[in-house]
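Participant: Following this message is one structure expressed as structure tokens.
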Amino acid sequence: MLFRLITIFMASIAISQASIATENSIQLSPQQVQIIGQKIWQNEGRGKIENLTVWNKGEAFPSFGIGHFIWYPPNTDSPFTESFPQLKAHLQKTITLPDWLNKTHHAPWPSREIFYRNINNDKLNSLRQLLHNSIPQQVEFIVQRMEAALPKLLKVLPTAAQRKHVRQQFYRVAQQPNGIYALIDYVNFKGEGIASRERYKGQGWGLLQVLENMHNNKEVMPEFVRAADFVLSQRVKNAPRDESRWLPGWRNRIQTYLHH
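If you want it as structure tokens, here you go:
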């Protein structure tokens, strides 16, 4: 069985082994889905089950799964896009969720202290088990987000020249070995870059900003990584709070885009 992952116009992909590619779609085997999932899980949580349910210091929300999908407690004010409710809806299509999760709309832990006080209770144990057993479905969810990204990116650009540049860079990356992984991971990692609230001093840090800052260098993936480093460094510089502690890890993450 093959998972239809990306419906974008390109010719080739390499994620540890060849994929089936046509003009209109790319299909990856379950093994390749697992490879992508393990890479993203390693990036976000070092591949550890306990890191499938975390609440990072300095953040106003917990995050879950291989992609650290954000779930807000009630009345949370944050500029970041919440993604766990959408993941939950995706999982409900094929998986029976714990009863408590089906009935819960907001993260039921009002603070980080309470979250970790209950880290080994039935709710969080059942959630970790669910997330550990649903890596392929989480990858599908991440890919669907990436699949929808390009039309959204192009829609917000005001000029034909800008749209042409971003489209060209998107496909240049997509056609490289490891390119699909890089696009999938970056969208999951820092978003599309189109949400107006995801800005510091008017500047974003998502995939759109990375593609906008790329040049037409022959070495495509090093150029993608250079542009990503630029926008992430700019985010830290513009941040209203000190985010410098995150930058070394972010840089390590984008370096994985250079390795098969």
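With mature numbering (1 follows the signal peptide of the UniProt record, and there is no 0) applied, the sequence shown corresponds to residues -21 to -1, 1 to 239, in that order.
Think of the CB as a built atom: it goes at the ideal place given N, C-alpha and C, for glycine as much as any other residue.
Give every residue of the same chain whose Cβ lies closer than 6 Å to the Cβ of E61, excluding the five residues on either side of it in the sequence, and list them in chain order.
Facilitator: I49, Y51
Participant: Would you say the segment 88 to 98 touches the segment 31 to 45, given that touching needs at least three Cβ pairs under 8 Å?
Facilitator: yes
Participant: Measuring alpha carbon to alpha carbon, tell me which of R224, R205, D101, R214 ends up nearest L237.
Facilitator: R205
Participant: Report all residues from its chain with a CB closer than 7 Å to the CB of G16; omit the five preceding and five following residues, and keep chain order.
Facilitator: I45, I114, P115, Q117, V118
Participant: Look up F48 in the DSSP assignment and give the residues it is bridged to.
Facilitator: F43, per the DSSP bridge assignment.
Participant: At the level of alpha carbons, what is the spacing between R151 and H47?
Facilitator: If I take the Cα positions, the gap works out to 28 Å.
Participant: Secondary structure at T235, three-state DSSP: helix, strand or coil?
Facilitator: helix
Participant: Nearest CA to the CA of L106: which residue from E202, K67, F120, P9?
Facilitator: For L106, the closest of E202, K67, F120, P9 by C-alpha to C-alpha distance is K67.
Participant: Assuming A139 and V166 are in contact, meaning their beta carbons sit under 8 Å apart, how far apart are those beta carbons, in whole angstroms?
Facilitator: That pair is no contact at about 24 Å.
Participant: Once DSSP output is grouped into helix, strand and coil, what is the label at E21?
Facilitator: Note on identity: in this sequence residue 21 is Gln, with Glu being the wrong assignment. Q21: helix per DSSP, three-state reduction.
Participant: Using the Cα positions of Q182 and P53, report the straight-line distance between them to the nearest angstrom.
Facilitator: Straight across, the Cα-Cα distance linking Q182 with P53 is about 28 Å.
Participant: Rounded to whole angstroms, what is the Cα-Cα separation between F59 and R176?
Facilitator: F59 and R176 have their alpha carbons spaced roughly 7 Å apart.
Participant: Can you tell me whether F(-13) is helix, strand or coil according to DSSP?
Facilitator: Per-residue confidence for F(-13) stands at a pLDDT of 32, beneath the threshold of 50, marking its modelled position as unreliable; no derived number is given.
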